[in-house]
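Enquirer: Right, I'll just put the structure down here and ask away after.
Number of protein chains: 2
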Amino acid sequence: MQLQEAKKLEKSIFETLSKHIKKGEKVILGLSGGADSVFLFEMLKKFAEKTPIKIVAAHVNHMLRGLESEKDEKFVKDLAKKYKTEIKILKKDIAKISKKLGRGLEETGRQVRHEFFAKLAKELKTNLVLTAHHADDNLETILLNIVRGAGLKGLLGMEEKIKHKIANTDLSFLKPLLQVPKQQIENYLTHKKIEFVKDLSNLDETFNRNLIRSKIVPTLKKINKNIFGTVAKNVKNIGETLDFLDDEAKKFIKKSEKILKEKNALIAKDFREANKALKKAVIRELYKVNAKTLKDFGNAQIDEILKVLDKNIGNKSKKIGPITFSVNKNRIKVSVEKKHKKVQY
Amino acid sequence: MQLQEAKKLEKSIFETLSKHIKKGEKVILGLSGGADSVFLFEMLKKFAEKTPIKIVAAHVNHMLRGLESEKDEKFVKDLAKKYKTEIKILKKDIAKISKKLGRGLEETGRQVRHEFFAKLAKELKTNLVLTAHHADDNLETILLNIVRGAGLKGLLGMEEKIKHKIANTDLSFLKPLLQVPKQQIENYLTHKKIEFVKDLSNLDETFNRNLIRSKIVPTLKKINKNIFGTVAKNVKNIGETLDFLDDEAKKFIKKSEKILKEKNALIAKDFREANKALKKAVIRELYKVNAKTLKDFGNAQIDEILKVLDKNIGNKSKKIGPITFSVNKNRIKVSVEKKHKKVQY
Chain A
118 MQLQEAKKLE KSIFETLSKH IKKGEKVILG LSGGADSVFL FEMLKKFAEK TPIKIVAAHV
178 NHMLRGLESE KDEKFVKDLA KKYKTEIKIL KKDIAKISKK LGRGLEETGR QVRHEFFAKL
238 AKELKTNLVL TAHHADDNLE TILLNIVRGA GLKGLLGMEE KIKHKIANTD LSFLKPLLQV
298 PKQQIENYLT HKKIEFVKDL SNLDETFNRN LIRSKIVPTL KKINKNIFGT VAKNVKNIGE
358 TLDFLDDEAK KFIKKSEKIL KEKNALIAKD FREANKALKK AVIRELYKVN AKTLKDFGNA
418 QIDEILKVLD KNIGNKSKKI GPITFSVNKN RIKVSVEKKH KKVQY
Chain B
118 MQLQEAKKLE KSIFETLSKH IKKGEKVILG LSGGADSVFL FEMLKKFAEK TPIKIVAAHV
178 NHMLRGLESE KDEKFVKDLA KKYKTEIKIL KKDIAKISKK LGRGLEETGR QVRHEFFAKL
238 AKELKTNLVL TAHHADDNLE TILLNIVRGA GLKGLLGMEE KIKHKIANTD LSFLKPLLQV
298 PKQQIENYLT HKKIEFVKDL SNLDETFNRN LIRSKIVPTL KKINKNIFGT VAKNVKNIGE
358 TLDFLDDEAK KFIKKSEKIL KEKNALIAKD FREANKALKK AVIRELYKVN AKTLKDFGNA
418 QIDEILKVLD KNIGNKSKKI GPITFSVNKN RIKVSVEKKH KKVQY
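Chains as they are written, first to last, in our numbering: chain A, 118 to 462; chain B, 118 to 462.
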C-alpha cells in the first residue's frame, strides 16, 4: 500500500464516522485484538484527533483457547494503554455457558458480547457500539442469505447502522468498515507496521460461513476483480426496489384505513386484487408496525397469512407471534396480543 | 433412481411440455448427443405417445474435435433412426468462422446454431425450438449474473420460454428441463440404461461458467441440499417484485400520457418526484416499448438517461441505441430513430 492509498482509505472511513458520530460523543469499540478491530481502533484514534470523541474499548475473553486467550487479553490491554484509551474486559467461559444453554458457541459468544455491550452502554451512558465487520464479511453474509433463500432483504447484507434492544437497552450497532475489503485492512496494517493478534478462534464463523469464505469468495474474486464494487451496486439497486415496495405498501394501507376509518384495516377486495409482491409488502409492513420487529417473520410466515387472506369463505384468521390477521366479509383486520412481551434480540 | 422417482420426473416434465406444446404441433429439438439433450429426446418421445406431436431433431457438428465430432454426428443420426425421428444435420467449421468473425468460439457456435434453427423453422413451418438447459445451467447463469452485477432481472436466470428474432424469423425457445437438476437427468439415464455421448467439448461454457460449475456450485450444494428449491423460491419472489415494478411503471406512463394527450411523454415534475426504482422501471419500459428490445440496455444506460432527466436546467437529451430521451420544460419525450434497423439477437 502506498501512502496515497492509505490516506484515501482513512479519508473514506472518516467520512463514514463523521456521518454517525457527533463531536464529544462516547463510543464503545468491540476489540478482539484481530486485524479488523485493531484497524478500526487505529482509525478511531486518528479520527478523534480532529473530532474529539471518547472511545471505550470492550474486550470479551471467551476462554476458548487457554493461554492464547490470556495472551489476547494482555495484547488488547497493552494496546489500549498505549493508545491512552479506557478498556473494559469481560472474562467468561463460553464453552461452559454454551453447554448449559444448549446453544452453539457462536450464538453464545454473541449473546455474551451483546449483553456486555448493553451493560457498558448503561454504565457509560451511551448507546453507540462499533464493530469491525468489513466488505468480505458482508459478501459472505449476502451469499449465505442467497443460499438459505432469505429473500430480497437478505441480498442487502448487513446494515451500516442498526438498532437492537438488548437486555432492555437500546443499542445502535455501527459498522464503519462495511465498504472496506479485508485485503485493504491487512495492507494498511502491514504498511503502518501495526501489530495485531493472529489465529483468533473463528468463534463467529459457522461451518457454512467458513465454506463460503474458503471456497466461494476466492473464486468470485477471480471472476470479477471489482466484486465489492459490484456487490455495492447490487445492494443499491435492491435497496431502491425494496424502498419502493415499502412506500407503496404504506400508501396502500393508508388508503384502506382512510376509507374504512379504522387503524390496521384493509379492504379485502382491494387487497386480493393487488399484485402479489405488494400484498406481501403490505403484510410485512402491518406486522412490523404492530409487532415492532420483523424477527422470526419471513417469507414462510407471510405465505401462511396470504393463504388465509386470499380466501373468500367466511371468517378466517391467522396468528403469527403476537399478531393476528383476520378476515371478516370485506374487511381485513390486524390486531396485537395485549400481553405481548417484546422479543429481546 | 427408483421406478417411482422416474415416473414422477416424467410426469413433471410432461406437465411442462403440455403447457407449451399443442397436439399436432411440430417442434425442433436441439440435439448435441450429450446426456441433457438425449434425456429431453427421450421425454419428448414418451410425451408424443400420449399427445401426438412432430419432432425434428437438429444437430450441429461444430468440427472442433476431429474424429470425435464425426462420432457424435453418427451417434445422433443412429439415435434419431432408432426413434424413427427426422434429423437435420449442419456441419460447420466453427473454429474457422470464429477466427473470421473475430469472435469467441462460444458466441460463434451459438450464432451458427441459432441461424440453423431459424432456417429449419422457416422450412418446417414452425417456430418452436426446444433446448435441454437444466437447473444446474440456470443456477450457474444466476450466479454469473450476480457476480457481473446484472441487476434484479439477472437474478431470475433463464426464462422457460423466450422469443428471439433470428435472421428475420420469430423463434420461441422452450427450456422444459429448467427445473430438473443435472443429477436427476443422469440418474434417469443410468436407471433406463440409455446411452449418450460423453466429454462433449464445452463449447457453451465460458471460463467463468466453468469456475462456477467446478468451484462454487458443489459448495452451495453442500451448504443447502435443497439449493434448487431455494433458487426456485428466490426466482418466484424476485419475479413477483419485478412484475409489480413493471405494472407500476406502465401505470405511471399511461397516466402521464393521458394528461399530456401524447404518446411516449412524461410529466417531468412527476417523474423527478417518483421513487428511484420506479423511475428506472419507467425508463426501461419506455425503451422496451419503442426499441422492441432490451438488448444492450442495462443499468449503466438507465443511469445515463436518469442523469439527464433528473436535471432541471433547460433542454437536454440523451440517445441510447435508436431511442432518444429528451426534456423540454415540464415534458419528457421519448422518440425513435426512423431508420433504425432492428438488432437481430
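Cβ coordinates follow ideal geometry from the N, Cα and C atoms, glycine included.
For the region 359 to 386 of chain A, list every residue whose C-beta sits within 9 Å of some C-beta in chain B, in sequence order.
Expert: Leu359, Asp360, Phe361, Leu362, Asp364 and Glu365
Enquirer: Residue ranges of each beta strand (DSSP E) run of no fewer than 3 residues wholly in the region 119 to 183 of chain A, ordered along the chain?
Expert: 143 to 147 and 171 to 178
Enquirer: Within 10 Å of its beta-carbon, does B/Gly150 have 16 or more other beta-carbons around it, so buried, or fewer, so exposed?
Expert: Position 33 of the second sequence, counted from the start, is the residue given in the question as residue 150 of chain B. Under this definition B/Gly150 is a buried residue.
Enquirer: Is DSSP giving A/Phe313 helix, strand or coil here?
Expert: Here residue 313 of chain A is taken as the residue at index 196 of the first sequence, counted from 1. A/Phe313: coil per DSSP, three-state reduction.
Enquirer: For B/Lys342, count neighbouring Cβ atoms within 10 angstroms of its own Cβ and tell me buried if that reaches 16, exposed if not.
Expert: Within the second sequence, numbered from 1, the residue matching residue 342 of chain B stands at position 225. Exposed is the call here.
Enquirer: How long is the line joining the alpha carbons of A/Asp58 and B/Lys208, rounded to whole angstroms?
Expert: Lying outside 118 to 462, the shown extent of chain A, residue 58 of chain A is not represented and no answer is given.
Enquirer: Would you list, in sequence order, the uninterrupted alpha helix (DSSP H) runs of no fewer than 4 residues that lie entirely inside the region 380 to 421 of chain A?
Expert: 385 to 390 and 393 to 408
Enquirer: Would you check if the distance between the CB atom of A/Leu288 and the CB atom of A/His250 is smaller than 8 Å?
Expert: Here residue 288 of chain A is taken as the residue at index 171 of the first sequence, counted from 1. Here residue 250 of chain A is taken as the residue at index 133 of the first sequence, counted from 1. Cβ distance not < 8 Å, so A/Leu288 and A/His250 don't count as in contact.
Enquirer: Looking only at its chain, what residues have a beta carbon closer than 6 Å to the beta carbon of A/Leu247, apart from the 5 residues adjacent to it on each side?
Expert: Start at 1 with the first residue of the first sequence, and residue 247 of chain A comes out as number 130. Here the set comprises Val144, Leu146 and Leu291.
Enquirer: Quick one: any contact between the region 365 to 372 of chain B and the region 390 to 400 of chain B, if contact means 3 or more CB pairs under 8 Å?
Expert: Yes, since at least three Cβ pairs between the region 365 to 372 of chain B and the region 390 to 400 of chain B fall closer than 8 Å, the two stretches touch.
Enquirer: Counting only Cβ pairs nearer than 8 Å, list the residues of chain B close to A/Val264.
Expert: Taking the first sequence and counting its residues from 1, one reaches residue 264 of chain A at position 147. Going along chain B in sequence order, the residues near A/Val264 (Cβ under 8 Å) are Leu337, Ile340, Asn341, Ile344 and Thr347.
Enquirer: Work out the CA separation of B/Lys310 and A/Asn447 for me, nearest whole Å.
Expert: Walking along the first sequence from the start, residue 447 of chain A turns up at place 330. Walking along the second sequence from the start, residue 310 of chain B turns up at place 193. Using only the alpha carbons, I get a separation of about 58 Å.
Enquirer: So for B/Asn304, helix, strand or coil by DSSP?
Expert: As a position in the second sequence, residue 304 of chain B is number 187, starting the count at 1. In the structure shown, B/Asn304 sits in a helix (DSSP, three-state: H, G or I).
Enquirer: Do A/Leu306 and A/Ala152 have their CB atoms nearer than 8 Å?
Expert: Translated into the one-based positions of the first sequence, residue 306 of chain A becomes position 189. Translated into the one-based positions of the first sequence, residue 152 of chain A becomes position 35. Less than 8 Å divides the Cβ of A/Leu306 from the Cβ of A/Ala152.
Enquirer: Per DSSP, A/Leu291 forms a beta bridge with which residues?
Expert: Here residue 291 of chain A corresponds to residue number 174 of the first sequence, with the count starting at 1. Per DSSP, A/Leu247 and A/Lys278.
Enquirer: Does the region 171 to 182 of chain B touch the region 218 to 233 of chain B, meaning 3 or more C-beta pairs lie closer than 8 Å?
Expert: yes
Enquirer: Should B/Val453 and B/Pro439 be called a contact, given that it needs their Cβ atoms to be closer than 8 Å?
Expert: As a first step, residue 453 of chain B is located in the second sequence; it is residue number 336 there, counting from the start. As a first step, residue 439 of chain B is located in the second sequence; it is residue number 322 there, counting from the start. Cβ distance < 8 Å, so B/Val453 and B/Pro439 count as in contact.
Enquirer: Could you tell me whether the Cβ of B/Leu411 comes closer than 8 Å to any Cβ of chain A?
Expert: Numbered from 1 along the second sequence, position 294 holds the residue referred to as residue 411 of chain B. Chain A contact via Cβ: absent.
Enquirer: How should A/Glu203 be labelled, buried or exposed, when 16 other C-beta atoms within 10 angstroms of its C-beta is the threshold for buried?
Expert: What you label residue 203 of chain A is simply residue 86 of the first sequence in a count that begins at 1. The residue is exposed, with fewer than 16 neighbouring Cβ atoms inside 10 Å.
Enquirer: Drop a sphere of 10 angstroms on the beta-carbon of A/Leu148, count the other beta-carbons inside from all chains shown, and report buried for 16 or more, exposed for fewer.
Expert: Residue 148 of chain A sits at position 31 when you count from the first residue of the first sequence. With 16 or more Cβ atoms within 10 Å of its Cβ, A/Leu148 is classed as buried.
Enquirer: Pick from A/Asn325, A/Arg326, A/Lys332 and A/Leu328: whose alpha carbon is nearest that of B/Leu328?
Expert: Taking the second sequence and counting its residues from 1, the one referred to as residue 328 of chain B is at position 211. Of the candidates A/Asn325, A/Arg326, A/Lys332 and A/Leu328, the one whose C-alpha sits nearest the C-alpha of B/Leu328 is A/Lys332.
Enquirer: Cβ of A/Lys393 less than 8 Å from any chain B Cβ?
Expert: The residue labelled residue 393 of chain A in the question sits at position 276 within the first sequence. With 8 Å as the cut-off, A/Lys393 counts as an interface residue toward chain B.
Enquirer: Can you tell me whether A/Leu330 is helix, strand or coil according to DSSP?
Expert: Here residue 330 of chain A corresponds to residue number 213 of the first sequence, with the count starting at 1. Checking the sequence shown, residue 330 of chain A turns out to be Arg, not Leu. Assignment of A/Arg330 by DSSP, reduced to helix, strand and coil, places it in the helix class.
Enquirer: Quick check: the Cα distance between B/Val460 and A/Phe234, rounded to an integer number of angstroms?
Expert: Position 343 of the second sequence, counting from 1, holds the residue named residue 460 of chain B. Position 117 of the first sequence, counting from 1, holds the residue named residue 234 of chain A. Annotation note: pLDDT 48 at B/Val460 (below 50); position unreliable, no value reported.
Enquirer: Check the DSSP bridge columns for A/Arg442 and list the partner residues they point to.
Expert: Position 325 of the first sequence, counting from 1, holds the residue named residue 442 of chain A. Before going further, note that residue 442 of chain A is Phe rather than Arg in the sequence given. Residue pairing for A/Phe442: DSSP places it in a beta bridge opposite A/Lys435 and A/Val451.
Enquirer: Should the region 134 to 142 of chain A be called in touch with the region 158 to 173 of chain A, which here means at least 3 C-beta pairs below 8 Å?
Expert: yes
Enquirer: For the beta strand (DSSP E) that contains B/Ile206, what are its first and last residues?
Expert: Position 89 of the second sequence, counted from the first residue, corresponds to residue 206 of chain B. Element bounds for B/Ile206: Glu203 to Lys208.
Enquirer: Can you grab the Cα-Cα spacing for the pair A/Glu127 / B/Ile437, in whole Å?
Expert: As a position in the first sequence, residue 127 of chain A is number 10, starting the count at 1. As a position in the second sequence, residue 437 of chain B is number 320, starting the count at 1. Approximately 38 Å, taken between the alpha carbons.
Enquirer: Is there a C-beta anywhere in chain A that falls below 8 Å from the one on B/His457?
Expert: Within the second sequence, numbered from 1, the residue matching residue 457 of chain B stands at position 340. Any reading at B/His457 must be qualified, since the residue scores a pLDDT of 47, below 50, and its modelled position is unreliable; the value itself is stated next. Not closer than 8 Å to any Cβ of chain A, the Cβ of B/His457 fails to qualify, so no.
Enquirer: Just verifying my parser: in three-state terms, what is the DSSP assignment at B/Ile283?
Expert: Sequence index remark: in the second sequence, residue 283 of chain B carries index 166 (1-based). DSSP places B/Ile283 in strand when its eight states are reduced to three.
Enquirer: Scan the region 268 to 294 of chain B for residues whose Cβ lies nearer than 7 Å to a Cβ of chain A and list them as they occur along the chain.
Expert: For the region 268 to 294 of chain B, which is checked against every Cβ of chain A, the residues closer than 7 Å are Gly268 and Leu269.
Enquirer: Exposed or buried, which one is A/Ser135 when buried takes at least 16 other CB atoms within 10 Å?
Expert: Taking the first residue of the first sequence as position 1, residue 135 of chain A is located at position 18. Exposed: under 16 other Cβ atoms inside 10 Å.
Enquirer: With 8 Å as the threshold, decide whether the Cβ of A/Ile172 is near any Cβ in chain B.
Expert: For the purposes of this step, residue 172 of chain A is identified with residue 55 of the first sequence, where counting begins at 1. False, the Cβ-Cβ gap to chain B never drops below 8 Å.
Enquirer: Beta-carbon of B/Gly325 versus every beta-carbon of chain A: anything under 8 Å?
Expert: Sequence index remark: in the second sequence, residue 325 of chain B carries index 208 (1-based). Per the sequence shown, the amino acid found at residue 325 of chain B is Asn instead of Gly. Answer yes: the Cβ-Cβ gap between B/Asn325 and chain A drops below 8 Å somewhere.
Enquirer: So, for A/Phe414: in the same chain, excluding its five sequence neighbours on each side, which residues have a beta-carbon less than 6 Å away from its beta-carbon?
Expert: By 1-based counting over the first sequence, the position of residue 414 of chain A is 297. Closer than 6 Å at Cβ, skipping near neighbours: Tyr404.
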